[in-house]
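**Student:**
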Amino acid sequence: MLVRALKLRMSVDEFIRELAWGEKNAAARDKLDRLRLEDDDWNHVTLFTSLLAHADNAQQAFSSDQYPSLALAIPALESLHRAWSKCLNNPKYAPFHPALAAALDTIKSYYELTADSDAYLISMVLDPCRKMQYFKRNWTHELQTSALADIKALDVIRLDSTSAPWEREFEKYLNAEDDMPLEMSLVTWWGMNVLCYPVWVSLAQDYLTVMASSVFSKHAFSSAGITITKRHNRLKADVVEALQGLKCALRTCLLICELGLSSIYEEQLEIEEALEEELVESAAEIALKTDDGMIVLELELDSDTEED
Numbered sequence: 001m002l003v004r005a006l007k008l009r010m011s012v013d014e015f016i017r018e019l020a021w022g023e024k025n026a027a028a029r030d031k032l033d034r035l036r037l038e039d040d041d042w043n044h045v046t047l048f049t050s051l052l053a054h055a056d057n058a059q060q061a062f063s064s065d066q067y068p069s070l071a072l073a074i075p076a077l078e079s080l081h082r083a084w085s086k087c088l089n090n091p092k093y094a095p096f097h098p099a100l101a102a103a104l105d106t107i108k109s110y111y112e113l114t115a116d117s118d119a120y121l122i123s124m125v126l127d128p129c130r131k132m133q134y135f136k137r138n139w140t141h142e143l144q145t146s147a148l149a150d151i152k153a154l155d156v157i158r159l160d161s162t163s164a165p166w167e168r169e170f171e172k173y174l175n176a177e178d179d180m181p182l183e184m185s186l187v188t189w190w191g192m193n194v195l196c197y198p199v200w201v202s203l204a205q206d207y208l209t210v211m212a213s214s215v216f217s218k219h220a221f222s223s224a225g226i227t228i229t230k231r232h233n234r235l236k237a238d239v240v241e242a243l244q245g246l247k248c249a250l251r252t253c254l255l256i257c258e259l260g261l262s263s264i265y266e267e268q269l270e271i272e273e274a275l276e277e278e279l280v281e282s283a284a285e286i287a288l289k290t291d292d293g294m295i296v297l298e299l300e301l302d303s304d305t306e307e308d
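Mapping to the UniProt record's numbering: the sequence shown position 115 is 115, numbers consecutive.
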């Protein structure tokens, strides 16, 4: 809303001015005049929107439903904390220093909560292009060792390793120089490496599906509310589920296979079945003949050019 107000600054000022001019009561007119923003007020609005932009960038970083985004939660929180800490030490943002201090305390409390779940660390390591790189660049050696120990302590790593010691595959993945094409999704990459890293694939199945934000869960509930209107309140759960799945597939262009009319499709199937039957009948006419100790396979095929 503030960004929109900045873009329409002249219109906002004109709107308040016209309201004041149209007011016949002097006291009410004075109150409306005091609502007009001066240049200093607009400068404060500009500074405030620049602060909110950091939070918006952090939220957008891990609020996607198109790819696993939990791995971006810790980096986004740390980046937001660094940005607002710089603003806190900047005299330009002096009017917002109390609010920034409270916001930094809130970020710190959220960051400490990430230690209660291993999902954040594991989801970051499950990125084959980064693995432990973020920890090595931004964390101390003690924190790196602690994070690695937490991952090794997972029961699923030890229990899923049957054919070989679990630690061998653990170190194999961390030390390998794996590469993933830019156009390939993380889920596709792990699906292709299920035989190479079976234990890590089991982790990917459990942790890559965890969402970092509840934004799209709320969006799904809102979308279901649009589907289940008062006129559709007798729909069963399975029908609503199918409708929601179809709506998602249509909006995300998942239905890429376009079939023609049912009659044309059935005709194509009949032609394919007829060709298969002809092939089976032709194969049955194969004769095995011996000629000088050699086995000769003869296949009788009808020529399209043969006259009736």
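C-beta: ideal position from N, C-alpha, C; glycine also.
What's the call for Ser-69, buried or exposed, on a 16-neighbour Cβ count within 10 Å?
**Tutor:** So Ser-69 ends up on the buried side.
**Student:** By the three-class DSSP mapping on this structure, what secondary structure does Val-3 have?
**Tutor:** It is helical.
**Student:** Do Leu-47 and Phe-15 count as a contact pair if the criterion is CB distance below 8 Å?
**Tutor:** Contact: no.
**Student:** What does the alpha-carbon distance come out to for the pair residue 309 and Gly-225?
**Tutor:** Because the chain here runs from 1 to 308, residue 309 falls outside it and cannot be looked at.
**Student:** When the Cα of Ser-123 is compared with those of Arg-168, Pro-98 and Ile-151, which residue comes out closest?
**Tutor:** Here the closest residue by C-alpha is Ile-151.
**Student:** Since Ala-103 is in the alpha helix (DSSP H), which residue starts that stretch and which ends it?
**Tutor:** 97-113 is the extent of the alpha helix (DSSP H) around Ala-103.
**Student:** Report the rounded CA-to-CA distance for Ile-138 versus Ala-27, giving the unit in angstroms.
**Tutor:** Correcting the residue identity first, residue 138 is Asn in this sequence and not Ile. Their backbone Cα atoms lie some 59 Å apart in a straight line.
**Student:** Go through its chain and collect everything with a Cβ distance to Glu-270's Cβ below 6 Å, but skip five positions before and after it.
**Tutor:** Result list for Glu-270: empty, nothing under 6 Å.
**Student:** Can you tell me whether DSSP reads Lys-136 as helix, strand or coil?
**Tutor:** Helix.
**Student:** Excluding five sequence neighbours on each side, which residues of the same chain lie with their C-beta closer than 8 Å to the C-beta of Leu-100?
**Tutor:** Only Leu-51, Trp-84, Cys-87, Leu-88 and Tyr-93 meet the Cβ criterion.
**Student:** Hey, could you find the ends of the alpha helix (DSSP H) Tyr-207 is sitting in?
**Tutor:** Looking at the DSSP string, the run of the alpha helix (DSSP H) that includes Tyr-207 is 198-207.
**Student:** Which full runs of the alpha helix (DSSP H) of 4+ residues lie inside the segment 54-93, going along the chain?
**Tutor:** With a minimum length of 4 residues, the continuous alpha helix (DSSP H) runs that stay inside the segment 54-93 are 73-88.
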